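Just so you know, the sequences run in chain order S and L.
Using our numbering, you'd call the opening residue of the first sequence number 86 and step up by one each time.
Using our numbering, you'd call the opening residue of the second sequence number 358 and step up by one each time.
Report on one structure; see the data block that follows.
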Amino acid sequence: MAIHTRRSEDGRTLIISIDGRFDFSSHQSFRDAYEHDDQDVSDYVIDMSETTYLDSSALGMLLLLRDYAGGDAGRVRIENCNSDVRRILSISNFEQLFSIK
Amino acid sequence: MDEVQTDAQALRILIADDSESDRLILSTMVRRQGHDVMTAADGIEAVEGFRRFQPQIVLLDVMMPRMDGMDAARHIKALAGESLVPVIFLTSLSDADALARCLEAGGDDFLSKPYNRIIIEAKINAFNRMRVMHRTLSQQRDVIRAHNQRLVNEQNIAKRVFDNVAHTGCLDAPNIRYHASPMSVFNGDILYACPRPSGGMNILIGDFTGHGLPAAIGAMPVAEIFYGMTSKGFLSGDILREINQKLWRIMPKDMFCCAAFIELDFHLGNLSIWNGGLPCGFLLRRGATVERLTSAHLPLGVVAAERFSVDVARYKVEEGDTVLFATDGVPEAMNAEGEMFGETRLEAAVAGTPDDQSVLDAVLRAVARFTGAEEYSDDLTLLTVDVVPPADVEELPLRVTQSALSGPATWSCEYEVTGETLAQFNPLPLLLHICMEVPGLRRRGGEVYTVLAELYTNALEHGVLGLPSVWKNSPEGFGQYYAERERRLRTVGDHAVLFRLEHKTGRKGGELRVVCRDSGVGFNYTEQTQRTVPEAGYAGRGLALLRQLCDSLTHHGTGNEVEAVYRWTFDPDESEQHTG
Numbered sequence: 086m087a088i089h090t091r092r093s094e095d096g097r098t099l100i101i102s103i104d105g106r107f108d109f110s111s112h113q114s115f116r117d118a119y120e121h122d123d124q125d126v127s128d129y130v131i132d133m134s135e136t137t138y139l140d141s142s143a144l145g146m147l148l149l150l151r152d153y154a155g156g157d158a159g160r161v162r163i164e165n166c167n168s169d170v171r172r173i174l175s176i177s178n179f180e181q182l183f184s185i186k
Numbered sequence: 358m359d360e361v362q363t364d365a366q367a368l369r370i371l372i373a374d375d376s377e378s379d380r381l382i383l384s385t386m387v388r389r390q391g392h393d394v395m396t397a398a399d400g401i402e403a404v405e406g407f408r409r410f411q412p413q414i415v416l417l418d419v420m421m422p423r424m425d426g427m428d429a430a431r432h433i434k435a436l437a438g439e440s441l442v443p444v445i446f447l448t449s450l451s452d453a454d455a456l457a458r459c460l461e462a463g464g465d466d467f468l469s470k471p472y473n474r475i476i477i478e479a480k481i482n483a484f485n486r487m488r489v490m491h492r493t494l495s496q497q498r499d500v501i502r503a504h505n506q507r508l509v510n511e512q513n514i515a516k517r518v519f520d521n522v523a524h525t526g527c528l529d530a531p532n533i534r535y536h537a538s539p540m541s542v543f544n545g546d547i548l549y550a551c552p553r554p555s556g557g558m559n560i561l562i563g564d565f566t567g568h569g570l571p572a573a574i575g576a577m578p579v580a581e582i583f584y585g586m587t588s589k590g591f592l593s594g595d596i597l598r599e600i601n602q603k604l605w606r607i608m609p610k611d612m613f614c615c616a617a618f619i620e621l622d623f624h625l626g627n628l629s630i631w632n633g634g635l636p637c638g639f640l641l642r643r644g645a646t647v648e649r650l651t652s653a654h655l656p657l658g659v660v661a662a663e664r665f666s667v668d669v670a671r672y673k674v675e676e677g678d679t680v681l682f683a684t685d686g687v688p689e690a691m692n693a694e695g696e697m698f699g700e701t702r703l704e705a706a707v708a709g710t711p712d713d714q715s716v717l718d719a720v721l722r723a724v725a726r727f728t729g730a731e732e733y734s735d736d737l738t739l740l741t742v743d744v745v746p747p748a749d750v751e752e753l754p755l756r757v758t759q760s761a762l763s764g765p766a767t768w769s770c771e772y773e774v775t776g777e778t779l780a781q782f783n784p785l786p787l788l789l790h791i792c793m794e795v796p797g798l799r800r801r802g803g804e805v806y807t808v809l810a811e812l813y814t815n816a817l818e819h820g821v822l823g824l825p826s827v828w829k830n831s832p833e834g835f836g837q838y839y840a841e842r843e844r845r846l847r848t849v850g851d852h853a854v855l856f857r858l859e860h861k862t863g864r865k866g867g868e869l870r871v872v873c874r875d876s877g878v879g880f881n882y883t884e885q886t887q888r889t890v891p892e893a894g895y896a897g898r899g900l901a902l903l904r905q906l907c908d909s910l911t912h913h914g915t916g917n918e919v920e921a922v923y924r925w926t927f928d929p930d931e932s933e934q935h936t937g
């Protein structure tokens with residue numbers, strides 16, 4: 086598991102990529118990826134193109150990010166999910182909370 | 358426990374050698390290096406000296422009278438027990454076999470005669486470092502062991518408290534089968550079942566994020582709310598809303614509970630399912646068709662009340678149908694190659710079960726075959742509920758003794774629900790609560806609830822909303838019926854449903870008279886009343902049930918008013934032990 090972050094060109098979007106299994110062991114590094122005092126970031130993208138699996142604590146971490154990003158007003162997109170990851174997200178009906186592509 | 362020794366500090370060192378001159382040479386050298394030395398002239402003295410002096414390092418000559426160095430080493434190592442006391446043999450032997458035997462006897466190293474001061478100092482220091490490291494590790498291991506022991510004790514205590522709050526309810530009912538680990542609450546799994554006052558049952562199966570005490574703590578209020586509200590007659594929607602609200606308020610943002618709520622009414626053959634985040638459940642119809650009960654909602658505790666949806670999926674069920682739910686431990690059970698069991702295999706196992714076999718066993722077998730493990734993983738909870746005739750799961754009617762004469766005997770009240778409140782509020786728990794103040798009725802809570810519930814459902818759905826019960830004759834119409842019910846409730850206008858309750862107690866028992874009047878146009882009740890047994894199809898069951906339970910049931914006015922009389926009697930044979 087590895088987590089990388091990068092910024093969009095205008096610096097407004099923080100893109101967090103997660104490689105491998107996204108589970109409890111990622112807790113700290115996932116938080117470190119977005120918890121900073123940068124006021125410029127308005128949007129968050131979780132890039133799951135290299136994510137193989139997520140467990141329920143990963144769902145919890147996504148909820149923490151959503152809360153950090155402003156709750157219902159926050160803008161968090163989840164992108165490039167494989168079918169397993171997509172299935173886990175949709176069992177929990179996370180489409181209602183995140184924009185998932 | 359001795360103080361920590363570093364290289365610079367004095368150690369207690371025992372030197373055993375039968376040669377007085379060798380002993381003197383060595384002990385002088387070691388003393389000069391700053392250590393405390395005790396000497397012994399043979400093995401027996403050495404063992405005795407070890408007992409009294411508690412040395413940290415022992416230097417032993419191999420050949421000694423009375424007891425040789427090897428025997429002494431064995432005794433000393435046995436006395437030292439778990440603590441590491443390095444034993445270094447003093448020898449002029451160079452034969453490899455003899456040296457090996459020294460080590461087999463428990464020796465840690467050799468010092469060759471004649472002695473070299475620098476080598477002796479280096480070896481003592483090296484073994485002291487090893488000794489200190491060994492002691493540090495042992496202490497840490499003891500601390501971890503003590504912590505773990507305390508954790509296990511605490512979990513056992515917590516489990517006892519938890520079992521009192523989150524008891525298994527009616528999970529032992531003959532129509533329920535389940536597999537759950539006894540400590541499953543610490544894996545985050547929950548499984549509760551509770552009889553409803555109207556005779557059916559509610560079941561909650563779920564899975565908290567996380568493990569250990571945090572998950573168990575979250576499960577406590579869930580159990581309290583589930584059991585409390587179910588037995589007071591609340592419906593799934595109210596109970597789920599309450600649980601969601603509670604978890605949302607008390608749990609950290611990243612903790613929630615994936616769950617499925619199963620509400621079963623055996624009298625009417627109604628099944629309601631709410632699935633928020635659990636793997637797809639299954640409804641097995643007798644005759645082997647399988648319907649999927651997929652998750653349609655966010656898990657409990659994720660969103661605030663305004664966004665939380667309690668829409669249930671409704672199904673008509675009949676005897677022989679079975680509902681199956683599993684927590685994600687089942688689809689996520691892994692084989693040696695790291696592959697997961699998955700929902701496809703789960704569905705295949707469910708669908709492939711012959712009618713005469715237990716689907717629970719079939720699924721457990723399939724999981725075990727797939728994983729190759731002899732024991733099921735701890736965090737796997739699996740449940741099946743069979744639809745059975747109501748009599749199979751209901752307690753025998755409890756009889757009432759004369760002592761039931763206490764409590765309110767003669768009273769009446771009127772309660773009217775109007776306008777939008779009809780869409781938002783279920784008056785049944787409140788009305789049941791009033792009736793349950795009468796001890797004679799308390800034992801018959803289920804029947805009283807059923808009477809109130811049937812009267813209310815008829816008044817609301819047919820009287821106020823004008824829903825034709827004939828729709829419920831087909832599976833498609835059944836869904837349409839409830840969809841239309843939701844739609845019409847949203848624009849219910851200034852309609853009203855009124856209850857008038859009247860109770861009086863006599864010498865032999867009591868009588869509860871319930872009048873239920875709705876603001877609808879009524880119906881031609883002379884036709885309906887001819888039918889006492891429901892015909893094939895779903896409609897009319899409610900009225901038939903009311904007629905069975907009540908001593909009389911009469912319609913008034915245009916059919917928008919129903920009067921039900923429910924009588925109860927004392928049982929003279931009943932002994933006191935049944936009062937409560």
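The beta carbon of each residue, even a glycine, is placed where N, CA and C say it ideally should be.
This one's a predicted model, so the numbers in the text were calculated from it and none came from an experiment.
Residues that residue i contacts on chain L, provided the C-beta gap is smaller than 7 Å
i: residue 117(S); result: Chain L residues near residue 117(S): none, gap ~15 Å exceeds 7 Å.
i: residue 181(S); result: 655
Beta-carbon gap between residue i and residue j smaller than 8 Å
i: residue 444(L); j: residue 453(L); result: no
i: residue 410(L); j: residue 369(L); result: yes
i: residue 575(L); j: residue 565(L); result: yes
i: residue 817(L); j: residue 841(L); result: no
i: residue 561(L); j: residue 547(L); result: yes
i: residue 789(L); j: residue 772(L); result: no
i: residue 785(L); j: residue 809(L); result: yes
i: residue 393(L); j: residue 373(L); result: no
Closest by C-alpha distance to residue i, when choosing among the options
i: residue 769(L); options: 792(L), 785(L), 775(L); result: 792(L)
i: residue 781(L); options: 592(L), 647(L), 535(L); result: 592(L)
i: residue 109(S); options: 88(S), 89(S), 133(S), 140(S); result: 140(S)
i: residue 766(L); options: 741(L), 865(L), 856(L); result: 865(L)
i: residue 737(L); options: 517(L), 435(L), 563(L); result: 563(L)
i: residue 628(L); options: 742(L), 711(L), 590(L), 654(L); result: 742(L)
i: residue 633(L); options: 625(L), 601(L), 910(L), 456(L); result: 601(L)
i: residue 384(L); options: 459(L), 785(L), 662(L), 478(L); result: 478(L)
i: residue 690(L); options: 534(L), 904(L), 739(L), 809(L); result: 739(L)
i: residue 121(S); options: 104(S), 146(S), 154(S), 136(S); result: 154(S)
i: residue 179(S); options: 660(L), 412(L), 595(L); result: 660(L)
Contacting residues, own chain, Cβ-Cβ under 7 Å from residue i (five flanking each side not counted)
i: residue 465(L); result: 443, 444, 445, 484
i: residue 480(L); result: 445, 466, 468
i: residue 839(L); result: 671
i: residue 716(L); result: 641, 679, 681, 707, 710, 741
i: residue 569(L); result: 543
i: residue 91(S); result: 100
Per-residue contacts from residue i into chain L (C-beta, under 8 Å)
i: residue 146(S); result: 611
i: residue 77(S); result: The shown model of chain S, from 86 to 186, leaves out residue 77(S), and the question about it has no answer.
Cut-off 8 Å between Cβ atoms - residues of its own chain near residue i, not counting five sequence neighbours on either side
i: residue 607(L); result: 575, 578
i: residue 794(L); result: 764, 765
i: residue 676(L); result: 643, 744, 745, 746
i: residue 375(L); result: 398, 399, 418, 420, 421, 422
i: residue 555(L); result: 590, 622, 624, 803, 806, 807, 810
Sequence-distant residues of its chain with Cβ nearer than 6 Å to residue i (five each side left out)
i: residue 894(L); result: The pLDDT assigned to residue 894(L) is 40, lower than 50, so where the model puts this residue is not dependable, and the model offers no usable value.
i: residue 176(S); result: none
i: residue 623(L); result: 557, 747
i: residue 134(S); result: 165
i: residue 688(L); result: 636, 698, 699, 700, 703
i: residue 755(L); result: Interpretation of residue 755(L) is limited by its pLDDT of 38, a score under 50 that renders its predicted location unreliable; the figure taken from the coordinates is listed afterwards. If we look at residue 755(L) and ignore the five residues flanking it on each side, its Cβ neighbours are 800.
Where residue i meets chain S, residues with beta-carbon distance less than 7 Å
i: residue 656(L); result: 177
i: residue 687(L); result: Correct list: empty, because the minimum Cβ distance to chain S is about 13 Å.
Cross-chain neighbours of residue i in chain S, by beta carbon under 8 Å
i: residue 566(L); result: 141, 142, 144, 145
Within chain L, partners of residue i - CB distance below 9 Å
i: residue 174(S); result: Those within 9 Å of residue 174(S) in chain L number zero; the least Cβ separation is about 10 Å.
i: residue 149(S); result: 609, 610, 611
Chain-ordered neighbours of residue i on chain S, where CB pairs are closer than 9 Å
i: residue 538(L); result: Near residue 538(L) there are no residues of chain S at all, since even the closest Cβ is about 17 Å away, more than 9 Å.
i: residue 652(L); result: 175, 176, 177, 178
Across the stretch 87-103 of chain S and the stretch 120-130 of chain S, are there enough close Cβ pairs to call them in contact, namely three or more that are closer than 8 Å?
By the Cβ rule, the stretch 87-103 of chain S counts as touching the stretch 120-130 of chain S, because three or more pairs are nearer than 8 Å.
Tell me whether the stretch 797-809 of chain L and the stretch 869-878 of chain L touch, counting them as touching only if at least three CB pairs, one residue from each stretch, are closer than 8 Å.
Three or more pairs of CB atoms, one per stretch, sit closer than 8 Å, so the stretch 797-809 of chain L contacts the stretch 869-878 of chain L.
Is the stretch 607-617 of chain L close to the stretch 512-532 of chain L, with three or more CB pairs under 8 Å?
Not touching, per the Cβ criterion.
Are the stretch 103-117 of chain S and the stretch 141-156 of chain S touching, with three or more C-beta to C-beta distances below 8 Å?
The stretch 103-117 of chain S is in contact with the stretch 141-156 of chain S.
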